[in-house]
Amino acid sequence: MSLQESGEMYLETILQLKQENGNVRSIDVANRMGYSKPSISRAVHSLEANGYVEFDQDGYIVLTDSGKAVAERTLERHSILTALFMKLGVSPETAAEDACRIEHVISEETFAAIKKHSGKVF
Numbered sequence: 006m007s008l009q010e011s012g013e014m015y016l017e018t019i020l021q022l023k024q025e026n027g028n029v030r031s032i033d034v035a036n037r038m039g040y041s042k043p044s045i046s047r048a049v050h051s052l053e054a055n056g057y058v059e060f061d062q063d064g065y066i067v068l069t070d071s072g073k074a075v076a077e078r079t080l081e082r083h084s085i086l087t088a089l090f091m092k093l094g095v096s097p098e099t100a101a102e103d104a105c106r107i108e109h110v111i112s113e114e115t116f117a118a119i120k121k122h123s124g125k126v127f
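This is the structure we're talking about:
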């Protein structure tokens, strides 16, 4: 199943929270993203139904291998694009916002070229 932008955003947020806090609950995702707990609960259960997340015995959200792959790819795109835009003189806030929009639609080919070139720029 191909994920929509919102699904990628949820997975990216879950990965970031996992890296920061170790464990992730739906309320943590809701707080980070600024959405209601019921909205997050529906989204997370949809991700679970499609094999991107699971819940452990304590009710924490756990990324499956496929969920982690999507989250890592999305986070990498976000990080590299944000850094590139800032290097070009864009403010950190705008760079992060623009990277967030672009990370979901940029082709693999274009991102690979940016990633290759960014190693020479940074």
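Note that this note's numbering gives residue 79 to position 74 of the sequence shown, counting from 1, and the numbers run on in steps of one. Where a beta carbon is used, it is the ideal one built from N, C-alpha and C, also for glycine.
Simplified DSSP state of residue i, which is helix, strand or coil
i: residue 114; result: helix
i: residue 16; result: helix
i: residue 89; result: helix
i: residue 108; result: coil
i: residue 67; result: strand
i: residue 29; result: coil
Rounded separation between residue i and residue j - CA only
i: residue 32; j: residue 12; result: 17 Å
i: residue 18; j: residue 39; result: 11 Å
i: residue 14; j: residue 77; result: 11 Å
i: residue 6; j: residue 69; result: For residue 6, the predicted structure reports a pLDDT of 42, less than 50, and the residue's modelled location is therefore unreliable. The matter cannot be settled from this model.
Contact test: residue i Cβ vs the ligand FMN heavy atom, cutoff 7 Å
i: residue 16; result: For the ligand FMN, the structure offers nothing, since it holds no ligand at all.
Pair within 8 Å by beta-carbon distance, residue i and residue j
i: residue 34; j: residue 49; result: yes
i: residue 66; j: residue 95; result: no
Counterpart residues of residue i in DSSP-defined beta bridges
i: residue 8; result: BP columns for residue 8 are empty, so no partner.
i: residue 98; result: None; residue 98 has no bridge partner.
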